[in-house]
Amino acid sequence: SISNLGYASDLGPFQGRILDAETKEPIEGVVVLIEWRQYRLSSLFENTIFYDAQETLTDKNGEFSMSGIWVINPWTRLMLEANVMMYKSGYEAISLGSWKGLLEAKSWRQPAELKGYSRGNYILQVEDGKPVIVLKKLAMDERKKVGPPSRPSTIPIKKMKLLTKEVNKERIEQGLTPFELGDY
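Heads up: the sequence shown at position 161 corresponds to 1452 in my numbering, and the numbers run straight through without jumps.
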């Protein structure tokens, strides 16, 4: 576990809890997807490329844990950043940007100071170095307006099986055709 926020790393481990923004109850089955991107210094047009991705689901207590990745090359370690996406059908998808940046943010109660937050989702608090993140439940009209999250284009579909399944659940609830594997 991350025992000290000063040692937060974009390589892992990753642990946290996800609660309903209104009820503060844990949410089971939230997809937590972490994508590692590597900075490229050689290109003027594309500054990051896909390195790896992992996903997991929250348990009945709303908790998730992911070991992360091992990278031996110190140069590569310095060039990697973990971008985090969280999604469950019926809730607003959130993207939290850099995990390390997220845990090192100076203010936990002012989401405007944190990059990557959309439409009022934020970190409620930090418990033992683990963020407690809240997701906003959406009414069906909001869900239809916002729609499920778009596919992170850099991640291979085989690395997003849980996310694809959850997006399809949302599409079916909205009366849309689910994606075939590879179409998302």
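C-beta atoms are modelled at their ideal positions from N, C-alpha and C, and glycine is treated no differently. Every value quoted in this text rests on a predicted model; they were computed, and no experiment measured them.
The beta carbons of Gly-1320 and Thr-1349 sit about 6 Å from each other, so the pair counts as a contact at 8 Å. Inclusion of Leu-1453 and Val-1322 in the CB contact set at 8 Å is warranted, their separation being smaller than that value. Separation of Tyr-1378 and Trp-1327 (C-alpha to C-alpha, rounded to the nearest whole angstrom) is 18 Å. Here Glu-1418 has Arg-1308 as same chain residues with Cβ atoms under 8 Å from its own Cβ, once five neighbours each way along the sequence are excluded. For Asp-1311, no alpha helix (DSSP H) segment is defined; the enclosing uninterrupted segment is the beta strand (DSSP E) at 1305-1311. When the Cα atoms are used, Gln-1465 and Lys-1435 turn out to be separated by approximately 7 Å. By the beta-carbon neighbour count (other beta carbons within 10 angstroms, threshold 16), Ile-1385 is buried. Annotation: Arg-1442 is outside any alpha helix (DSSP H) and is labelled neither H nor E by DSSP. According to the DSSP assignment, Asn-1338 belongs to no beta strand (DSSP E), since it is labelled neither H nor E. Boundaries of the alpha helix (DSSP H) around Val-1458: 1452-1464.
Here DSSP, grouped into helix, strand and coil, assigns Ile-1363 to coil.
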